[in-house]
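*Asks:* Got a structure for you, questions after.
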Amino acid sequence: MVVVDRFSNYATFIAAPELCSAETATQLFFTHVLFELMGTKLNFSTSNHPQTDGQTERVNVILEEYLRRYVTANQNNSVSLLDVAQFCCNLHQNSSIGKNAFELATGRQSLSPLDVALRQGQSRCPATLRLAKARVEQLEEARECLDRAVKHMNKYTYARQRPLKFQRYSGQFEVTYRIGKLAYRLALPDRIKVHPVFHIGFLKPYHKDEDPSRVQAV
Numbered sequence: 001m002v003v004v005d006r007f008s009n010y011a012t013f014i015a016a017p018e019l020c021s022a023e024t025a026t027q028l029f030f031t032h033v034l035f036e037l038m039g040t041k042l043n044f045s046t047s048n049h050p051q052t053d054g055q056t057e058r059v060n061v062i063l064e065e066y067l068r069r070y071v072t073a074n075q076n077n078s079v080s081l082l083d084v085a086q087f088c089c090n091l092h093q094n095s096s097i098g099k100n101a102f103e104l105a106t107g108r109q110s111l112s113p114l115d116v117a118l119r120q121g122q123s124r125c126p127a128t129l130r131l132a133k134a135r136v137e138q139l140e141e142a143r144e145c146l147d148r149a150v151k152h153m154n155k156y157t158y159a160r161q162r163p164l165k166f167q168r169y170s171g172q173f174e175v176t177y178r179i180g181k182l183a184y185r186l187a188l189p190d191r192i193k194v195h196p197v198f199h200i201g202f203l204k205p206y207h208k209d210e211d212p213s214r215v216q217a218v
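Below you can see the structure in the form of structure tokens.
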């Protein structure tokens, strides 16, 4: 799960289960109501409605590019990569304000593991210093990877959003509720196990065939 603060652009990467239990759903509902009472707007997104404010979408692309370069063949180590990805992503300097998200969110510059090890002294634990140096090298490599991901995203974002020539649709489904200006809730049958809210890019109006000679598909 990716959480992005709109003010500071600070990103938090949280490992979450694929299936949501009733207890987890209750906690999410409680959190949503709590933030609403505090005057904070939460923009949730799903796989069929990934568009929110554009900010989280950019972070999702960066995180995906980073994990794609470091995840193993069986993709079982992605959780262990989230902490380094989050640390490096929040150290990326915002070109518009000249500061990174970590500094905006905490009010101070971040320290690398090597900085902490040098403050404690090299003679106290040489193994700790070696581990810290290795960690810094890993962070620098991850930061370079994130920079490449940003450039890749800026180059191909609009190209990937071009409409397909042969889009396939399923339905028709009744629209039960309009959510904002870009999303609709549909009345889906029980056999379709997806979130019922869809972005307008996935929808098109249904027009009944007026020609009785054509057989209607069921």
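Everything in the sequence shown is counted per the UniProt record's numbering, starting at 1 for the first residue and increasing by one.
Cβ atoms here follow ideal geometry from the backbone N, Cα and C, with glycine treated the same way.
Buried or exposed for residue 172, please, with buried defined as at least 16 other CB atoms from any protein chain shown within 10 angstroms of its CB.
*Replies:* So residue 172 counts as exposed.
*Asks:* To the nearest angstrom, how far is it from the Cα of residue 183 to the Cα of residue 11?
*Replies:* 24 Å
*Asks:* My assumption, with CB atoms under 8 Å, is that residue 13 sits in contact with residue 63. Please give the rounded CB distance.
*Replies:* Sure, about 6 Å apart at Cβ, within 8 Å.
*Asks:* Considering only DSSP beta bridges, list what residue 179 is partnered with.
*Replies:* Residue 179 is bridged by DSSP to 183.
*Asks:* Relative to the alpha-carbon of residue 221, which residue among 197, 84 and 1 has its alpha-carbon at the smallest distance?
*Replies:* This structure cannot speak to residue 221, because the chain is shown only from 1 to 218.
*Asks:* In three-state terms, what does DSSP make of residue 174?
*Replies:* strand
*Asks:* Comparing alpha-carbon positions, which option in 56, 137, 87 and 27 lies nearest residue 6?
*Replies:* The alpha carbon of residue 6 has as its nearest neighbour, out of 56, 137, 87 and 27, the alpha carbon of 56.
*Asks:* Based on the DSSP output, what are the partners of residue 12 in its beta bridges?
*Replies:* 3
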